[in-house]
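Colleague: Numbering (the numbering used here), first residue to last: 1 to 323. Even glycine gets a Cβ: it sits at the ideal position worked out from N, Cα and C. Before anything else, here's the structure in question.
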């Protein structure tokens, strides 16, 4: 079931005159009792109900179309996030982060209050009966009796503020660990790391992306199969029953392009990898088509004279007659 809203003009464009098929799936017949008088500028709820056998459309609570499913399958695909039993949409990635975020907000509020109070210090008077006329401010002068003592309360003394900062850092670390997104993934490693060390540092994020891609691959394969089925049945293309596809994902980690090319060249030269495999490894979307273009270019170059790409002056010097 899909519920959405459309304007009266859009409904007229998509569905035309309100008609309905009979219960046995016969030809559509005008239904005067179902004809809708819609305001073209007003939005109306549209409810589509799909099964593998039937398709039903209701507009503004009235049935306007009921017919056989033209596809033979339900044209909707749903992928749950972090699948869980008895959870249609799965589980949110933020479920484990709620408590940490609440505690982080509370600690940041406490730290903010401490810093605010330290910016407006409290005057402490010892051995004084009253505090009338005592004002804290630039150039203020106090007259205190003998033996009295006055000072400003320093809330940051004793390293107490450091405990708050350390606890906030601990909460941030827990937040990064639970979200499987290390701080290094934001480009803030604080030190120089090699490619292998960087990969180990952000391995949790790589594993998380791999899990997400695994779920999306199944959805993309199923979606592509449905699209190819529509293209062959209604688009007039003969695909020979082709339904299987393979998603191609880019590399998760940044790579050294020059090093990857040198490595692929050595593997091809030694006969370990084919050129098609090298093209795919370097990020080519269609290795077969790219290899075909390489071979076509090689055949074209073979038909050209050796000096075809030489500078014009060099060609003239070569062809100049001897005197």
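Closest to residue 215 by CA distance: which of 79, 232, 129 is it?
Modeller: Comparing Cα positions, the closest option is 79.
Colleague: So what's residue 216 in DSSP terms, helix, strand or just coil?
Modeller: Reduced to three states, the DSSP call for residue 216 is helix.
Colleague: Residues in the same chain with beta-carbon distance under 8 Å from residue 180, minus the five sequence neighbours each way, listed in chain order, please.
Modeller: Hits under 8 Å: 204, 205, 207, 208.
Colleague: Checking the sheet assignment: what are the DSSP bridge partners for residue 152?
Modeller: DSSP, once it has assigned bridges, lists 123 as partnering residue 152.
Colleague: Assuming contact is defined by CB atoms lying nearer than 8 Å, are residue 164 and residue 114 in contact in what I supplied?
Modeller: In contact: residue 164 and residue 114 (Cβ atoms closer than 8 Å).
Colleague: Are residue 76 and residue 59 touching if we call contact CB-CB under 8 Å?
Modeller: Contact: no.
Colleague: Excluding the 5 residues flanking residue 228 on each side, which residues of the same chain have their C-beta closer than 8 Å to its C-beta?
Modeller: 239, 242, 243, 245, listed in sequence order.
Colleague: Where DSSP assigns a beta bridge to residue 251, which residues make up the other side?
Modeller: DSSP lists no partner for residue 251.
Colleague: In whole angstroms, give me the CA-to-CA distance for residue 184 and residue 170.
Modeller: Roughly 16 Å separates the two Cα atoms.
Colleague: In whole angstroms, what separates the C-alpha of residue 3 from that of residue 232?
Modeller: If I take the Cα positions, the gap works out to 29 Å.
Colleague: Look at the alpha carbon of residue 149 and the alpha carbon of residue 128, and state the distance between them as a whole number of angstroms.
Modeller: For residue 149 and residue 128, the distance between alpha carbons rounds to 8 Å.
Colleague: Taking the beta carbon of residue 302 as the centre, do at least 16 other beta carbons fall within 10 Å, making it buried, or is it exposed?
Modeller: Label assigned to residue 302: exposed.
Colleague: Sort 306, 162, 102 by Cα distance to residue 174 and report the nearest one.
Modeller: Residue 102 is the option with its Cα nearest to residue 174.
Colleague: DSSP three-state call for residue 303: helix, strand or coil?
Modeller: DSSP places residue 303 in helix when its eight states are reduced to three.
Colleague: So, at 6 Å on beta carbons, what are the nonlocal neighbours of residue 89 in its own chain, with the 5 sequence-adjacent residues on each side left out?
Modeller: Once the five neighbours on either side are set aside, the close Cβ partners of residue 89 are 80.
Colleague: Which residue from 156, 251, 306 puts its Cα closest to that of residue 118?
Modeller: Nearest of 156, 251, 306 to residue 118, Cα basis: 156.
Colleague: Out of 53, 57, 105, 37, which one is the CA nearest neighbour of residue 71?
Modeller: Nearest of 53, 57, 105, 37 to residue 71, Cα basis: 53.
Colleague: Which residues share a DSSP beta bridge with residue 7?
Modeller: According to DSSP, which records beta bridges pairwise, residue 7 is partnered with 43.
Colleague: Indicate the three-state DSSP secondary structure (helix, strand or coil) for residue 60 in the structure shown.
Modeller: In this structure, residue 60 counts as coil in the three-state DSSP scheme.
Colleague: Pull the bridge partners of residue 67 from the DSSP assignment, please.
Modeller: BP columns for residue 67 point to 55.
Colleague: Which term fits residue 57, buried or exposed, when burial requires 16 or more other beta carbons within 10 angstroms of its beta carbon?
Modeller: Flag for residue 57 reads buried.
Colleague: Around the Cβ of residue 272, are there at least 16 other Cβ atoms within 10 angstroms (buried) or fewer (exposed)?
Modeller: Residue 272 should be labelled exposed.
Colleague: What's the C-alpha gap between residue 258 and residue 224?
Modeller: When rounded, the distance between both Cα atoms is 34 Å.
Colleague: Establish whether the CB of residue 80 and some CB of chain B are separated by less than 8 Å.
Modeller: No chain B is present in this structure, which holds just one protein chain.
Colleague: The alpha helix (DSSP H) spanning residue 161 covers which residue range?
Modeller: From DSSP, the alpha helix (DSSP H) with residue 161 extends over 160-179.
Colleague: So, with DSSP's three-state summary, where would you put residue 23?
Modeller: The predicted position of residue 23 is uncertain, since its pLDDT is 40 and thus under 50; a value taken from the coordinates is nonetheless stated next. DSSP places residue 23 in coil when its eight states are reduced to three.
Colleague: Can you name, in chain order, every residue of its own chain whose Cβ lies under 8 Å from the Cβ of residue 264, other than the five neighbours on each side?
Modeller: Excluding positions up to five away in sequence, the list reads 273, 278, 281, 282.
Colleague: Using the three-state DSSP reduction, which class does residue 140 fall into: helix, strand or coil?
Modeller: Correct three-state label for residue 140: coil.
Colleague: Using 8 Å as the threshold, is the C-beta distance between residue 124 and residue 151 below it?
Modeller: Cβ atoms of residue 124 and residue 151: closer than 8 Å.
Colleague: For residue 276 versus residue 285, is the C-beta distance shorter than 8 Å?
Modeller: No, the Cβ-Cβ distance between residue 276 and residue 285 is not below 8 Å.
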